[in-house]
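Student: Protein chains in written order, with the UniProt record's numbering: chain A, 1 to 289; chain B, 1 to 237; chain C, 1 to 237. Backbone N, C-alpha and C define an ideal beta-carbon position, used for all residues, glycine too.
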């Protein structure tokens with residue numbers, strides 16, 4: 001864009017910016033830098049995207065990358081993620097397994113009667129996929145930076161109606177047709193499904209109930225299950241109630257309103273008033289001393 | 001028909017000289033037709049309305065040349081023609097209302113894969129990207145009018161194939177698909193096929209000299225760890 | 001008069017010397033501005049965007065002359081400028097032509113049901129849509145040439161069955177009915193969400209020329225009986 005006239009120029013930037021931001025955001029959102037290997041998979045679109053990013057850190061043409069080093073990097077990355085207990089999507093783990101296999105293929109001499117693909121073939125196919133993905137990304141960038149209609153190039157603003165080219169006087173695209181059909185069918189399909197309403201205890205429900213209970217708990221240890229059962233009329237609610245209640249108990253313990261004790265695995269959980277049991281229940285439901 | 005007209009017509013059919021006045025008139029008609037429309041007008045439609053014996057391609061080419069250096073250019077989009085402002089005029093015309101659809105990174109990637117690989121099935125798109133196409137991505141592209149169902153692949157399951165539309169060409173200022181940037185190089189490099197091309201360089205797997213600065217070469221330790229890599233991750237940093 | 005001559009004339013009138021390249025550039029800008037605008041553009045607006053020291057009136061007069069003999073003219077409306085197709089071009093640009101209408105939502109729904117579920121009776125269409133279909137909707141689709149009577153169902157009342165036409169396929173860019181995307185593809189394109197029951201199905205439409213087992217071909221008799229012998233049948237009753 002040439003010309004320096006203030007206003008339109010600024011507009012021009014403004015219009016360009018979102019497109020570029022989109023890309024930059026994508027790059028910045030990746031929690032992976034060369035210095036510190038911070039693990040964050042949020043910015044990546046699947047294992048291939050992550051691999052491509054790692055490959056770029058090798059700073060060589062993709063046809064010349066060391067696939068072995070790449071596999072190492074990826075596996076190290078995944079290890080790190082598991083260590084800090086990041087839940088990895090299955091496809092990341094599948095890729096890790098494949099790369100571990102590839103690594104073994106590359107390092108262990110080929111056996112005589114081995115009919116699987118050779119390590120070199122596997123490496124080549126990986127390099128090819130990375131190269132192809134990168135090529136498509138470059139193509140996308142070049143495409144988006146072309147002179148685009150409505151942004152850089154404009155159509156006649158005041159069109160006149162010319163004799164219609166279509167034989168039909170109606171206009172509709174295949175997309176219109178299909179989306180009409182899909183949403184119609186979907187609308188009816190969904191209204192026919194009735195999902196049985198499940199009674200679920202929310203954490204808030206459980207907390208409220210427990211705070212009520214705290215007032216009645218003596219200084220003696222009492223079993224949690226015991227408590228819960230007392231308030232449950234419907235047996236189907238048991239599981240959800242106990243789960244939510246337990247989570248709420250932990251919260252109350254942290255706040256010092258409750259103490260918990262369990263003698264062993266699968267043993268009943270006991271609770272009693274904590275040192276700060278009487279202090280301000282923020283919902284008015286908790287009795288104040 | 002006068003003798004002269006007859007002669008002109010014969011000549012026109014032979015692709016030679018045409019009465020210049022007639023050619024001028026044909027140019028005016030074509031110009032008016034394309035100018036009147038905001039969208040591209042097909043060559044066949046224009047041809048039907050030209051005086052008999054005038055070659056539409058000849059007329060359009062002359063018109064294109066005539067407008068080449070002006071503020072408004074005649075451009076070809078597939079088998080159609082449209083007037084568009086010259087690209088270097090964008091800075092004058094841009095207004096506040098000027099807004100172009102913003103595509104997500106994923107949508108843009110899918111769009112370019114469809115453009116370069118068409119006809120392409122959804123499975124192929126996913127193979128190239130290495131991830132499932134999230135719901136709504138193809139939807140957005142179809143709604144924008146850039147992507148369409150093309151047909152079905154003659155293979156098991158007859159999967160639907162996707163391709164781009166004329167609006168796509170129009171939007172990105174392409175005359176035809178062959179004008180896609182870098183198409184020939186990509187083809188030449190075999191990057192538009194599903195299979196690894198024969199000439200694709202196989203990287204040297206043990207090229208230690210190609211390691212990046214922040215990488216260590218493989219050690220005996222690593223070798224021992226082989227096979228045990230998945231669950232543990234016992235090494236300290 | 002050529003552009004060059006026009007420019008020379010303007011200069012002579014002015015009595016000043018303006019760089020001809022600058023003048024040409026000013027013409028391009030004015031041209032692009034007027035072309036892209038949705039309404040007539042005021043001279044003041046154009047003037048603001050021209051290179052400094054260029055007189056807008058001279059630029060516009062020169063442009064007007066440039067387009068005078070062409071298929072498109074630059075015309076002045078009060079103090080504003082607009083492009084209009086040349087008056088003698090009205091025989092190609094018939095502005096009285098009916099506008100292309102968008103198909104209504106209801107019509108789209110009915111059309112898509114007919115496409116997927118053909119051969120289908122009116123009662124069945126209504127059953128799938130869950131609402132009554134007005135006669136007008138089917139009429140519109142027939143008028144558009146996308147829907148036709150296929151035959152009659154061999155069931156009580158012998159209801160008429162509907163199907164799509166060759167024009168339907170042409171218009172929507174389909175080679176055959178089997179090219180209509182199926183359940184998986186609709187899902188894949190994001191048109192159907194995952195929240196659909198397991199027994200949900202999208203039918204595979206029956207080809208245009210095949211009759212279903214319980215279907216009889218439609219006859220001339222039937223058409224007359226239905227009172228639907230279209231345009232030709234202006235018979236008195």
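Counting only C-beta atoms, is residue 171 of chain A closer than 8 Å to chain C at any point?
Tutor: Working through the first chain from its first residue, we reach residue 171 of chain A at position 171. Chain C, which has a Cβ nearer than 8 Å to the Cβ of residue 171 of chain A, makes this yes.
Student: Using a Cβ-Cβ cut-off of less than 9 Å, list which residues of the stretch 242 to 269 of chain A approach chain C; keep chain order.
Tutor: Those residues of the stretch 242 to 269 of chain A that come within reach of chain C (Cβ to Cβ, closer than 9 Å) do not exist; the list is empty.
Student: Report buried or exposed for residue 68 of chain A, applying the criterion of at least 16 other Cβ atoms within 10 angstroms of its Cβ.
Tutor: Your numbering for residue 68 of chain A matches position 68 in the first chain. Per the 10 Å Cβ criterion, buried.
Student: Assuming residue 48 of chain B is part of the alpha helix (DSSP H), what are its boundary residues?
Tutor: In the second chain, residue 48 of chain B corresponds to position 48, counting from 1. Where residue 48 of chain B is concerned, the enclosing alpha helix (DSSP H) stretches over 43 to 49.
Student: Please list the partners that residue 43 of chain A has in chain C, where partner means a Cβ-to-Cβ separation under 9 Å.
Tutor: Looking up residue 43 of chain A in the first chain gives position 43. Chain C residues near residue 43 of chain A: none, gap ~23 Å exceeds 9 Å.
Student: What residues of chain B sit near residue 179 of chain C, judged by a beta carbon separation below 8 Å?
Tutor: In the third chain, residue 179 of chain C corresponds to position 179, counting from 1. Per Cβ cutoff of 8 Å: 149, 151, 152 and 160.
Student: According to DSSP, simplified to helix, strand and coil, what is residue 82 of chain B?
Tutor: In the second chain, counting from the first residue as 1, residue 82 of chain B sits at position 82. Residue state, collapsed to three classes: strand.
Student: Starting from the C-beta of residue 183 of chain C, find all residues in its chain whose C-beta is less than 8 Å away, skip the five residues before and the five after it, and write them out in chain order.
Tutor: Taking the first residue of the third chain as 1, we reach residue 183 of chain C at position 183. For residue 183 of chain C, where only same-chain residues beyond five positions count, the Cβ hits under 8 Å are 192, 200, 201 and 202.
Student: For residue 46 of chain A, decide whether its Cβ has a neighbour in chain C, counting only Cβ atoms nearer than 8 Å.
Tutor: Walking along the first chain from the start, residue 46 of chain A turns up at place 46. Judged by the 8 Å Cβ criterion, residue 46 of chain A is not in contact with chain C.
Student: Who are the neighbours of residue 171 of chain B on chain A, taking C-beta pairs under 7 Å?
Tutor: Position 171 of the second chain, counting from 1, holds the residue named residue 171 of chain B. In chain order: 148 and 149.
Student: Can you give me the C-alpha to C-alpha distance between residue 132 of chain C and residue 126 of chain C, rounded to a whole angstrom?
Tutor: For the purposes of this step, residue 132 of chain C is taken as residue 132 along the third chain, with counting starting at 1. For the purposes of this step, residue 126 of chain C is taken as residue 126 along the third chain, with counting starting at 1. Using only the alpha carbons, I get a separation of about 5 Å.
Student: Taking the alpha carbon of residue 24 of chain B as the reference point, which residue from B:51, B:42, B:185 and B:41 has its own alpha carbon closest?
Tutor: Within the second chain, residue 24 of chain B is the residue found at index 24, counting from 1. Comparing Cα-Cα distances from residue 24 of chain B to each of B:51, B:42, B:185 and B:41, the minimum goes to B:51.
Student: Return the chain-ordered list of same chain residues with a C-beta closer than 7 Å to the C-beta of residue 55 of chain A, the five sequence neighbours on each side being excluded.
Tutor: Locating residue 55 of chain A in the first chain gives position 55, where the first residue counts as 1. Within the same chain, residue 55 of chain A has close Cβ partners 62, 65, 70 and 130.
Student: Taking 8 Å as the threshold, find out whether the stretch 56 to 64 of chain C comes into contact with the stretch 85 to 92 of chain C through three or more Cβ pairs.
Tutor: Short answer: they don't touch.
Student: Name, please, each residue of chain D whose Cβ falls closer than 8 Å to the Cβ of residue 116 of chain B.
Tutor: Here chain D cannot be found, since the structure's protein chains are A, B and C.
Student: Here's a check: name, in chain order, each residue in its chain whose Cβ is nearer than 7 Å to the Cβ of residue 77 of chain B, leaving out the five neighbours to either side.
Tutor: In the second chain, counting from the first residue as 1, residue 77 of chain B sits at position 77. Closer than 7 Å at Cβ, skipping near neighbours: 40, 166, 169, 170 and 175.
Student: Output, in sequence order along the chain, the residues in the stretch 135 to 146 of chain B whose CB is closer than 7 Å to any CB in chain C.
Tutor: Residues passing the 7 Å Cβ filter: 135, 136, 137, 138, 139 and 142.
Student: Nearest chain B C-beta to residue 368 of chain A closer than 8 Å, yes or no?
Tutor: Outside the shown range of chain A (1 to 289) lies residue 368 of chain A, about which nothing can therefore be said.
Student: What residues from chain A crowd round residue 130 of chain C, counting only those whose CB sits closer than 7 Å?
Tutor: Here residue 130 of chain C refers to the residue found at position 130 when the third chain is read from its first residue. Simply 188.
Student: Return the residue from the list C:72, C:93, C:146 and C:54 that minimises the CA-CA distance to residue 107 of chain C.
Tutor: Sequence index remark: in the third chain, residue 107 of chain C carries index 107 (1-based). It is C:146.
Student: Taking 7 Å as the limit between beta carbons, can you name the residues of its chain near residue 133 of chain A, skipping five residues before and five after?
Tutor: Taking the first residue of the first chain as position 1, residue 133 of chain A is located at position 133. Taken in chain order, the residues that qualify are 48 and 52.
Student: CB of residue 149 of chain B to nearest heavy atom of the ligand NAP: below 7 Å?
Tutor: For the structure depicted, the ligand NAP is absent and the ligand set is empty, with no information on it obtainable.
Student: Does the beta carbon of residue 176 of chain B sit closer than 8 Å to a beta carbon anywhere in chain A?
Tutor: Numbered from 1 along the second chain, position 176 holds the residue referred to as residue 176 of chain B. False, the Cβ-Cβ gap to chain A never drops below 8 Å.
Student: Can you have a look at residue 217 of chain C and say buried or exposed, based on whether 16 or more other CB atoms are within 10 angstroms of its CB?
Tutor: The residue you call residue 217 of chain C lines up with position 217 of the third chain. Exposed, since its Cβ has fewer than 16 Cβ neighbours within 10 Å.
Student: Which chain C residues sit within Cβ distance under 7 Å of residue 49 of chain B?
Tutor: The residue you call residue 49 of chain B lines up with position 49 of the second chain. Correct list: 92.
Student: Following the continuous alpha helix (DSSP H) through residue 20 of chain B, name the residue where it begins and the one where it ends.
Tutor: As a working note, residue 20 of chain B is residue 20 in the second chain. That run of the alpha helix (DSSP H) goes 20 to 36.
Student: Can residue 157 of chain A and residue 80 of chain C be called in contact, C-beta distance under 8 Å?
Tutor: On the first chain, position 157 is the one that residue 157 of chain A refers to. On the third chain, position 80 is the one that residue 80 of chain C refers to. Contact flag unset, no.
Student: Sorted by chain position, which residues of the same chain lie with C-beta nearer than 7 Å to residue 163 of chain B's C-beta, five sequence neighbours on each side aside?
Tutor: Translated into positions along the second chain, residue 163 of chain B becomes position 163. These residues qualify, in order along the chain: 114, 118, 119, 148 and 150.
Student: For a contact meaning CB atoms closer than 8 Å, what does residue 32 of chain C contact in chain B?
Tutor: Here residue 32 of chain C refers to the residue found at position 32 when the third chain is read from its first residue. Correct list: 71, 72, 85, 86, 89, 92 and 93.
Student: Excluding sequence positions up to five away, which residues of its chain have a Cβ less than 8 Å from the Cβ of residue 122 of chain B?
Tutor: Translated into positions along the second chain, residue 122 of chain B becomes position 122. Correct list, in chain order: 133, 138, 159, 160 and 162.
Student: CB residue 105 of chain A to CB residue 122 of chain A, shorter than 8 Å?
Tutor: Here residue 105 of chain A is taken as the residue at index 105 of the first chain, counted from 1. Here residue 122 of chain A is taken as the residue at index 122 of the first chain, counted from 1. For residue 105 of chain A and residue 122 of chain A, yes; Cβs fall inside 8 Å.
Student: Among B:153, B:28, B:103 and B:135, whose alpha-carbon lies nearest the alpha-carbon of residue 69 of chain C?
Tutor: As a position in the third chain, residue 69 of chain C is number 69, starting the count at 1. Nearest of B:153, B:28, B:103 and B:135 to residue 69 of chain C, Cα basis: B:28.
Student: From residue 102 of chain A to residue 187 of chain C, what does the alpha carbon distance come to, in whole angstroms?
Tutor: Numbered from 1 along the first chain, position 102 holds the residue referred to as residue 102 of chain A. Numbered from 1 along the third chain, position 187 holds the residue referred to as residue 187 of chain C. Taking the straight line joining both Cα atoms gives about 35 Å.
Student: For residue 181 of chain A, list the residues DSSP reports as bridge partners.
Tutor: One-based indexing of the first chain puts residue 181 of chain A at position 181. Beta-bridge pairing links residue 181 of chain A to no other residue.
Student: Please confirm whether residue 93 of chain B and residue 74 of chain C have their CB atoms less than 8 Å apart.
Tutor: By one-based count along the second chain, residue 93 of chain B stands at place 93. By one-based count along the third chain, residue 74 of chain C stands at place 74. Not in contact: residue 93 of chain B and residue 74 of chain C (Cβ atoms no closer than 8 Å).
Student: So, is residue 179 of chain A buried or exposed, given that buried needs 16 or more other C-beta atoms within 10 angstroms?
Tutor: Taking the first chain and counting its residues from 1, one reaches residue 179 of chain A at position 179. So residue 179 of chain A counts as buried.
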